[in-house]
Structures are given as C-alpha cells and as structure tokens.
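Numbering follows the numbering used here, in which position 105 of the sequence shown is assigned residue number 107; successive positions increment by one, without gaps.
Every residue gets a Cβ at the ideal spot worked out from N, C-alpha and C, and that includes glycine.
These numbers come from a predicted model, not from an experiment.
So the structure is just underneath, and the comments pick up after that.
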Amino acid sequence: MKTLIALCLVLSLPLHATNAEREQRWVDQTVDAIFDGEPVFLEADNHRFLGIYTESETESGKGMIVLHGTGFHPDWEQVVQPVRVKMTEHGWNTLSIQLPLLEKSAAYEDYVPLYTEIPGRMQAAIEFLTKQGIKSIVVVAHSQGATMASYYLARSKNDIKALVAIGMSAQHIQAEINSAESLKAIDIPVLDIYGSRDFPTVLETAGKRQQGASHNPNYQQLVIQDAYHFFDNTTHERKLIEAVNSWLNQHL
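Right, dumping it as structure tokens:
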C-alpha cells in the first residue's frame, strides 16, 4: 500500500525531461554578460526558465519570440543574438527564451521527449509580451528551435501572426516531430529561410517542407547564397536580418 501511495505521488509531480542543471549553468554564464536587453524569468509547468527581453528602439506594439537551436541559449552569438538585438532597430520588441536542454553530447533525435515542454514555454512567452502591451507577435526560430516552433504552431491555439524558420530541417524521426508534417497544419505566413551551404538535413528536406506547406499561399522559401547554417559571416548575417525584416514588412 505504501509503495502504491508513493508511486501515485511521484506520478502526480510535474516531470521535466529538460536538464535543469544545464539550464542553470547557461543562466550563470550568460546573464551577467548580456549587453543589450534585460534578463527575465518566466515559468511553465512549475519550471523557471530564462528569457531576454529587448525593447524596440521606437515605440511599437510588435513583439518577436526568438528561439535558439539544439543545446544553445537565448543569447547565442550566432543567429539568435543578432536577430534579438538588430530587429529592435526595425520596430520589434524581442523576447528570446531558453528552450529545454539535454546534456551537451545529446543527438538531435534525443530531444523528442522534450517537445511536450514547448507549448508551456511558448505560452509563457506570449503572456509576457501581451503584458507589455504587445498585440502583434511573431516567432523567429533557428535550427531545431524552428522545428519546435512548427510543432507548437501546428498543435496549439494561439495568436501568433507569422513564423520565420531559419535553417529548419524535416528529419523523419517521428511524424509529430517533423516540420514537413507540422507545416500541413499551419496557415499563417511562413518564411522558410536557409543558406545554400546549410546542413545537408536542411537542404535535402527543402522539397518535403515545401510540399507540406503546399496549401499555404503565404509560405515562402528563401535561400541566402553561400551562407552556412549559422550565418557566421558578417555579410550573411546582414543579409539574413534584411531578408527577415523585408518579409515581415510584406506580410504583416
């Protein structure tokens, strides 16, 4: 009987697949080094996680949730930090959030159990921006963060206006964790942007993603020539920001 009671208590507790210790290490390493923006702490499913909120340089009611790739953090210097900082110059209030983590050696497919934690974090981010008086919210996500964003948008009722997916692949791990499948259920404007020298999994699944979004007249693929997955060249980074800003201006 005691064993049964103990088991029931365990099952009633919130279970987190995320590596909370690694999340805390990222907090310890990044918060004091944030130059643009302010750290904020959000909560989802009784778990506290980091966000970085950076206000627009001009008064604006536009908000952008920024999502990083596998194993990184909300101020990652490639793609994530440039987007969250430079888009404030174009009238966006940005909120970059910490996504669930595993140990550093974890493979892409090891993250599958963590996808169920995405809706809670996304909802917390939306609520935070809404409380700031922001009424128009988009998502800009990189790498596996883009796949996580598509997972959320395909399965959750929300008011997100558009998705910019940077370097998103469509790996056949399982259907619900496949962006090409998620795109079938997404009707908002989507920019699928990647580099011509991106990861093979991104380049080889471009057709599948396009096919998955064939019902959506506001889905567009855009290739930045000679750019790699992390746009780690000043010219490619600038072209990425320009492309994202131009596309959002056209669709919102």
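Which residues mark the beginning and the end of the alpha helix (DSSP H) in which residue i is found?
i           : result
residue 194 : Premise fails: residue 194 lies in the beta strand (DSSP E), 192-197, not in any alpha helix (DSSP H).
residue 122 : 120-133
residue 248 : 236-253
residue 31  : 22-32
Kindly indicate the opening and closing residues of the beta strand (DSSP E) around residue i.
i           : result
residue 2   : Residue 2 falls outside the range modelled here, since the chain spans only 3 to 254, and no answer is possible.
residue 179 : Residue 179 -> no beta strand (DSSP E), and no H or E assigned at all.
residue 49  : 49-56
residue 65  : 64-69
Below 8 Å on the Cβ atoms is my guess for residue i versus residue j; work out the distance and round it to an integer in Å.
i           : j           : result
residue 250 : residue 127 : Actually they do not touch by this definition, with Cβ atoms about 18 Å apart.
residue 166 : residue 193 : 5 Å
residue 162 : residue 142 : No, residue 162 and residue 142 are not in contact; Cβ-Cβ is about 11 Å, not under 8 Å.
residue 136 : residue 64  : 7 Å
For chain B, is any of its Cβ atoms less than 7 Å away from the one on residue i?
i           : result
residue 206 : Reference to chain B is not applicable here, since this structure consists of a single protein chain.
Helix or strand or just coil, what does DSSP make of residue i?
i           : result
residue 37  : coil
residue 98  : strand
residue 151 : helix
residue 6   : Because residue 6 sits at a pLDDT of 36, beneath the cut-off of 50, its placement in the model cannot be relied upon, and the following sentence gives the value as read from the coordinates. Helix at residue 6.
residue 83  : helix
residue 116 : helix
residue 12  : Interpretation of residue 12 is limited by its pLDDT of 32, a score under 50 that renders its predicted location unreliable; no figure is taken from the coordinates.
residue 105 : coil
query = With contact counted as at least three CB pairs below 8 Å, one residue from each stretch, are the stretch 98-113 and the stretch 62-81 in contact?
reply = yes
Open item on the list: Quick test of the definition: if touching needs 3 or more C-beta pairs under 8 Å, does the stretch 49-67 touch the stretch 109-118?
Closed with: no
* Count the CB pairs spanning the stretch 84-98 and the stretch 19-33 that are closer than 8 Å, and state whether there are at least three. => no
| query | Is it true that the stretch 58-73 meets the stretch 27-43, where meeting means three or more beta-carbon pairs spaced less than 8 Å apart? | reply | no
**Prompt:** Are the stretch 165-181 and the stretch 206-219 touching by the rule of at least three beta carbon pairs closer than 8 Å?
**Reply:** yes
query: Is the stretch 190-206 in contact with the stretch 216-226, if contact means three or more CB pairs nearer than 8 Å?
result: Result yes; three or more Cβ-Cβ pairs closer than 8 Å.
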